[in-house]
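One structure below.
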Ligand SMILES: [Zn+2]
């Protein structure tokens, strides 16, 4: 809502010198979101001039300029060059003189142009900050509107600050000068001259015939008729200026007046060309198949739920949203039927959404308009049509009104104080409630306070001796019904700044959960390993899956999809972090960061297969546990994953020698790091899954469940994402790892007896996993084994094709004695034997 | 080697002559002093303190003396030996020190050189600030609560008093999940976790909720469709707006420093009533820039206050939908955008830097914000 300060002044007795910024500040404190205050930077001299002479002078560039002399109320004429030609000798124009500054900071000086010295210029509407008036020329004033030399700033009210207010949904009444004026009056503690305080001249009957078939959707419908207007009449400049300042284009006298009254009072008005109406106006729901061409020249299919204004010809408007083209006011309209109605907010909200049509009218109806306004608004429009367009107002008036005004609410007199935790007296409470327009009376005997939430549960009755108030909200505040709604009004006027600040003591908490602590540890461990955490959007699509080489039937292609994605190429929520993390790596690589070590933690979204929609449960009481379960059942699984991408060099080349390129082993090691950061020792075996290199991928599992993979990316994947060859990656189900972590760890005593070290080299088939051989040794060595570690890997001629040699260091130790040589030798042999039996391993000697 | 000799004349035993002992001693001292390095010193030690050194030979002769002469000769030889040993030890210490000094000098490196092990990486500042917020509130005894990002519409809206046809619901720019009518959305705020907390916990409830949320905004310098919020909820007996103010003041001080405070401005949110915007006293100028064109403040735009988030007393309708007894309990809630917090707190100028995953953005913070 854009509010010119001059318009506020008309209805609120603000201090004369007050600026838009001052008013804005006050309104912010009262709870209006004043987003900007446009302060005029215009300074004079800016005067009215009368055109004395002009010469058209064609220029080489094809333009024709006018060299004009003007009477600006001085002895000598003022000479200026003008590029426009929409004026004649004798016209009154607006002349800016050297020394002035026009809106936007344009300083004016006498300057040489087109062979003349131009001492100022004649102004157009947009140069004056009035917006484009559609003339493509300069402003020509009405004859007699002023005399040469008059101050044009004052005449046109050019220096007017404009407040731009974002009106919150509960404050629909502030989508009007009337509503903002009311807030300003309260804020300054001055009287409001209610712009709706008009004398009604209508008879209340006999107006244009109207039948309302759906009183719930349309509770008030008022018409007035004005005949014989001059459709060619121009809206007065002050009206045009206010419309422009409020963001609306002047169109024609009839339309401008209805818009003006809507802005002023907040009541949307529709004007019909009476000559184009046929028969009774009927307000009803649409029947399937009906169509309407709206004012924007679009033909719209109507829905059975749409509320329509119709006449004998069929639909002539979607109620409260947009009128039809067939009955609109044109520049030939002489007789106007004015409609001012009250529509149910939900009916309008749905229609507006259905037709994707948000109009100035629908925005107001959606937030509910004061149901008492229609007669006054119709009167105001009619009065203006009479005054400005020379029409005649008929006394006959149609008034259909079935609107029920709000019932009083019973609240505790100290409710506001109790909500605020502040000492707000009952006197203050009454004063503030009344200043927002409420009627407040003592509650009748036997009244009980209204429940805090208007649901099913019983109101508190322990209040007893407390004073109870019976509060009726004003007609323009349909948002006020619950006790807390009234408390808010009282507390905001009492002043949030006057509420004390008290830190509430919470009962003892237990700190972060185990899972929360473990997540932090994983991140810290990865940062310690040199990785940088990044964030990325979770949106993905087929292109990402293709780039990752996922087979057509890969379950990870089955996704949670969005109805309205940002991009049609990325309609899905990620099923794996790498889908988006690889794009992040790609972006970094594109920006020159080819040696990259990044990680991300985040949810992935795994559809549950067949799931029922989540119901919209009632809100009047807590849903049952079974109902809550249906909500959760409708959601996809959303486990927390961690992803890592490594590209380029893991360690750089430097003065110490050659660096290490990233390899599959770095990725696998980081996966191990992640697992050990949460206290889990996962089982590792060779895996084969996209997007990894089929021969360079480790599969991690915990308790028999696969929790992720690590290794080198498939060469095609590196290529598809523009990453260096041999880039590597990890993706693990962090949630599963965290869950598998120990609840607590028992300390074991450790032996102080000497260690016995034995090395074992085993030749095994090349496809046997080292981890399996290690496990076999550990199994065979028995409880004397303290540790086993692979320290060498050899493939080559000496051991033959298809084989590899694995060398392990075994350490033996007993808890209670020094081991004897034969004990160690036996244990070693037992270890080797398991490997021999299981893999056909051959001990390598020498 | 001569054996014991009972009529031995001590005067005849040359090595035991006083002047001979002194000469032996002086020669040794001279040799040690002249030893230029540790090897020469070791040589001289062999010559002058070894088994065949004159002083060792002299010592052995003592036994051959008549008992009455032994004491005097013993003392003389002992004193000389002591002097020689001390001279050796003294010289050894000097030469060892010289040697070490030379060795350390030759081993000098340029310790400013880089090394090849990976440097410490970096957390994303959004994670760091989430954790900092969580720590502030866990220190107060609150829990950190979490919830899903694909959320039931009922929990995201209805339970929070965003009714289906209310304009506030339309203003949320919601991503809907297929199929249309699935009743699920990408959560538009962290507030469904409020509802979840009330549905699953019993009062008193003190929870803080950091999390990622979604709105259908296009990415630009100040908007992103995916962003982070942190939200707080308290439900307890006798909770008032004053408790909300006290909590926000504490939060402001914890995040931005002593002496700062929060300010509330009336506003509207469906899930709170009364509702307010939270402003934070500018932690840079502390208000000194207001009306002071000579000291403009970029952080607050010389307003003295910075818009930070929204808050309010929990609407009893929300408590009711979540099964909290409104006669007994009341609550408050607040929420802030973490991107926005980083923007003004750490001077991040462009939202895109925060969400594009450029490592340079995270790396400038490291593990601290
Ligand atoms: Zn500041």
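Chains as they are written, first to last, in this note's numbering: chain R, 43 to 888; chain B, 342 to 710.
Glycine is no exception: its CB is placed at the ideal position from the N, C-alpha and C atoms.
Note that this is a predicted model, so its numbers are computed, not measured.
### Query
Could you give the distance in angstroms between the alpha-carbon of residue 387 of chain B and the alpha-carbon of residue 429 of chain B?
11 angstroms
### Message
Relative to the C-alpha of residue 592 of chain B, which candidate in B:659, B:577, B:548 and B:477 has its C-alpha closest?
### Response
B:477
### Query
Under the rule that 16 or more other beta-carbon atoms within 10 Å means buried, what is residue 761 of chain R, buried or exposed?
exposed
### Task
Can you give me, in chain order, the residues of the region 455 to 471 of chain B that have a beta carbon less than 8 angstroms from any beta carbon in chain R?
455, 456, 457, 458, 459, 460, 461, 462, 463, 464, 465, 467 and 468
### Message
What does the alpha-carbon distance come out to for the pair residue 598 of chain R and residue 578 of chain R?
### Response
19 angstroms
### Query
Under three-state DSSP, which class holds residue 495 of chain B?
helix
### Query
Mind checking residue 447 of chain R: buried by the 16 CB within 10 Å criterion, or exposed?
exposed
### Query
Which same chain residues, not among the five before or five after residue 860 of chain R, have their C-beta less than 7 angstroms away from its C-beta?
795 and 796
### Message
Given a cut-off of 8 angstroms on the beta-carbon distance, is the pair residue 510 of chain R and residue 485 of chain R in contact?
### Response
yes
#### Entry: Within chain R, the residues that residue 582 of chain B reaches when beta carbons sit closer than 7 angstroms
461, 462, 463, 533 and 541
#### Entry: residue 564 of chain R CB to nearest heavy atom of ligand 1 below 7 angstroms
no
### For residue 577 of chain B and residue 815 of chain R, the rounded distance between their alpha carbons
60 angstroms
#### Entry: Check: residue 688 of chain B C-beta below 7 angstroms from any heavy atom of ligand 1
no
### Query
Per DSSP, what kind of secondary structure is residue 501 of chain R in: helix, strand or coil?
With a pLDDT of 47 at residue 501 of chain R, under the threshold of 50, the modelled position of this residue cannot be trusted, and the question is left open.
#### Entry: Rounded Cβ spacing between residue 604 of chain R and residue 495 of chain B (contact assumed at less than 8 angstroms)
Going by Cβ atoms, the distance from residue 604 of chain R to residue 495 of chain B rounds to 19 angstroms, so no, they are not a contact pair.
### Query
Taking Cβ positions only, does residue 263 of chain R come closer than 8 angstroms to chain B?
no
### Task
Using a Cβ cut-off of 8 angstroms, pull out every chain R residue sitting near residue 557 of chain B, in sequence order please.
606 and 608
### Message
Going by beta-carbon coordinates alone, are residue 217 of chain R and residue 409 of chain R separated by less than 8 angstroms?
### Response
yes
### Task
Report the residue from R:126, R:692, R:125 and R:109 whose alpha carbon sits nearest the alpha carbon of residue 119 of chain R.
R:109
### Message
Less than 6 angstroms between C-beta atoms, sequence neighbours within five positions excluded: which residues of the same chain meet that for residue 389 of chain R?
### Response
259 and 349
### Message
Shorter than 7 angstroms, the distance from the beta carbon of residue 693 of chain R to the closest heavy atom of ligand 1, or not?
### Response
no
### Message
8 angstroms is my cut-off, CB to CB: does residue 646 of chain B come that close to chain R?
### Response
no
### Query
Is there at least one Cβ from chain R nearer than 8 angstroms to residue 564 of chain B's Cβ?
no
### Query
Based on the DSSP secondary-structure assignment, which residues constitute the bridge partners of residue 702 of chain R?
R:693
### Query
Of all Cβ atoms in chain B, is any one closer than 8 angstroms to the Cβ of residue 800 of chain R?
no
### Span of the beta strand (DSSP E) around residue 2 of chain R
Nothing in the structure corresponds to residue 2 of chain R, since chain R is present only between 43 and 888.
### Query
Checking contacts by CB at 8 angstroms: is residue 656 of chain B closer than that to chain R?
yes
### Message
What does the alpha-carbon distance come out to for the pair residue 694 of chain R and residue 703 of chain R?
### Response
8 angstroms
### Message
Assuming residue 641 of chain R and residue 575 of chain R are in contact, meaning their beta carbons sit under 8 angstroms apart, how far apart are those beta carbons, in whole angstroms?
### Response
6 angstroms
### Message
If contacts are defined as beta-carbon pairs under 8 angstroms, then residue 534 of chain R and residue 607 of chain B qualify, I think. What distance do you get, rounded to the angstrom?
### Response
4 angstroms
#### Entry: Cβ shell of residue 600 of chain B (< 6 angstroms), same chain only, five flanking positions each side left out
none
### Query
Between which two residues does the beta strand (DSSP E) containing residue 735 of chain R stretch?
734 to 744
### Query
Along the chain, where does the beta strand (DSSP E) that runs through residue 438 of chain R open and close?
434 to 443
### Query
For residue 462 of chain R, which of B:523, B:373 and B:581 has the nearest alpha-carbon?
B:581
### Query
In chain B, what lies closer than 7 angstroms to residue 43 of chain R by C-beta?
Neighbours of residue 43 of chain R on chain B: none; closest Cβ ~14 angstroms, over 7 angstroms.
### Task
Go ahead and pull the three-state DSSP assignment for residue 283 of chain R.
helix
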